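In the UniProt record's numbering, the protein residues as written are 1 to 94.
In what follows, a structure is listed as structure tokens, so that the remarks can point back to it.
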């Protein structure tokens with residue numbers, strides 16, 4: 001009988017419609033906002049512009065997901081903290 005390990009970090013790689021959960025939430029917030037905007041100002045040009053906005057946002061978010069180097073975000077804290085000197089100048093050597 002096979003034994004399977006429990007994978008607890010499944011949310012880190014979870015994808016909905018090709019987007020990670022956080023970017024999918026951003027996309028859904030944009031869609032809900034545009035629907036409210038369409039309801040309260042019903043014009044044909046507004047509807048076309050908002051559909052284009054959502055399409056462009058979806059394409060941009062999928063491009064960022066597929067190529068994370070487009071939007072390089074530095075982490076605030078390093079993985080390790082060390083007292084080791086990071087300079088290439090060696091003062092100890094004479």
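All residues carry an ideal CB built from backbone N, CA and C; glycine is no exception.
Since the model is a prediction, treat every value here as computed from it, not as a measurement.
Secondary structure of residue i, DSSP reduced to three states
{"i": "residue 48", "result": "helix"}
{"i": "residue 16", "result": "strand"}
{"i": "residue 28", "result": "helix"}
{"i": "residue 6", "result": "coil"}
{"i": "residue 67", "result": "coil"}
{"i": "residue 42", "result": "coil"}
{"i": "residue 56", "result": "helix"}
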